[in-house]
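For the sequence shown, our numbering begins at 848 and goes up steadily by one.
Virtual Cβ for every residue (Gly too), placed ideally from N, Cα, C.
No experiment lies behind these values; they were computed from the predicted model shown.
Here's the structure, in structure tokens; my notes come after.
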Amino acid sequence: MKRQSRRMKRMARSHRRKKTQGMNLTSLMDVFTILVFFLLTNTSSNEALEPPKVITLPDSVAESKPRETVTLMVTDEEILVESESVVATADVVNSEEIVIAAIKEAMIAQMDKAIVATETDREGEQEDAAATEGEDEPAQPPEVNILADRGIPFRLLKKVMSSCTDAGYTKVSLAVIQKAAQG
């Protein structure tokens, strides 16, 4: 019987170990990590307006989602433009004026954001359509989204909308909760 040298025994042991090793999953884990990151970043940007807990929006079967514009919230206690308090709701209800100066001034201050948002939407629509060549379309009017609790009286909403249109916002959208169409 032959005696094996120590070197041969070592080589045989290391050769057996290499055969029993599993797959290397590092690259597969990298791909899954990138995929999860991609899905998380893209799904969070598709959400529309998220109403605060203080406001209960009315239901609607509208199919179009609101665009990114200036947001005006009407709660039971105050009126907010872009999450900044402008005036107390009770003061607006008790006021005899149809156009509320504080709301008008706050909306005029946000006009730059509204114009940028409508231009961005317009450029996206032009890229999608790509049918108009050489034609200059008139500038889109600024738009405002109003988030109001379903219990807010109409006379208050009328004053808020009048203040917005007096500030130059001709497109006024009321935010609603989208529910399935019945039919």
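Do Val921 and Met954 have their beta-carbon atoms positioned less than 8 Å apart in this structure?
no
In whole angstroms, what separates the C-alpha of Lys885 from that of Leu875?
The displayed chain sequence assigns Phe, not Lys, to residue 885. Rounded to the nearest angstrom, the two C-alpha atoms are 15 Å apart.
Alpha carbon to alpha carbon, how far is Pro988 from Tyr1016?
7 Å
Can you grab the Cα-Cα spacing for the pair Ala859 / Ser852, in whole Å?
11 Å
Starting from the C-beta of Val933, find all residues in its chain whose C-beta is less than 7 Å away, skip the five residues before and the five after it, and write them out in chain order.
Only Ile926, Leu927, Ala949, Ile950, Ala953 meet the Cβ criterion.
Measure the alpha-carbon distance for Met838 versus Ala956 and round it to whole angstroms.
The structure shown does not extend to residue 838, since the chain spans only 848 to 1030, so no value can be given for it.
With 16 other CB atoms within 10 Å as the buried threshold, where does Ala935 fall?
exposed
Quick one: is Ser861 buried, meaning 16 or more other Cβ sit within 10 Å of its Cβ, or exposed?
exposed
Roughly how many whole angstroms lie between the Cα atoms of Val917 and Val883?
Cα to Cα, Val917 sits roughly 32 Å from Val883.
Would you mind sorting Ser930 into buried or exposed? The rule is 16 or more other CB atoms within 10 Å of its CB.
exposed
Since Leu1021 contacts Ile999 with CB under 8 Å, what's their CB separation in whole angstroms?
About 10 Å separates the two Cβ atoms, so there is no contact after all.
Excluding the 5 residues flanking Ile947 on each side, which residues of the same chain have their C-beta closer than 7 Å to its C-beta?
Val934, Val939, Lys1006, Ser1010
Please list, in chain order, all residues of the same chain as Phe1001 whose beta carbon is under 7 Å from its beta carbon, the five residues on each side excluded.
Short of 7 Å from the beta carbon of Phe1001, and not among the five residues preceding or following it, lies no beta carbon of its own chain.
Reducing DSSP to helix, strand and coil, say where Thr888 ends up.
helix
Find the nearest neighbour of Asp959 within the set Glu944, Leu1004, Leu887, Ala1014, judged by alpha-carbon distance.
Ala1014
Here's the rule I'm using: 16 or more other beta-carbon atoms within 10 Å means buried, otherwise exposed. How should Ala937 be labelled?
exposed
Can you check the region 983-1023 for any beta strand (DSSP E) of at least 3 residues that lies completely inside it and give the ranges in chain order?
990-995, 1018-1021
Only counting the same chain, and skipping five residues up and downstream in sequence, which positions put a Cβ closer than 7 Å to that of Thr880?
Sequence-distant Cβ neighbours of Thr880 in its own chain, meaning closer than 7 Å and more than five residues away, do not exist here.
If you draw a straight line from the C-alpha of Leu872 to the C-alpha of Val878, how long is it?
10 Å
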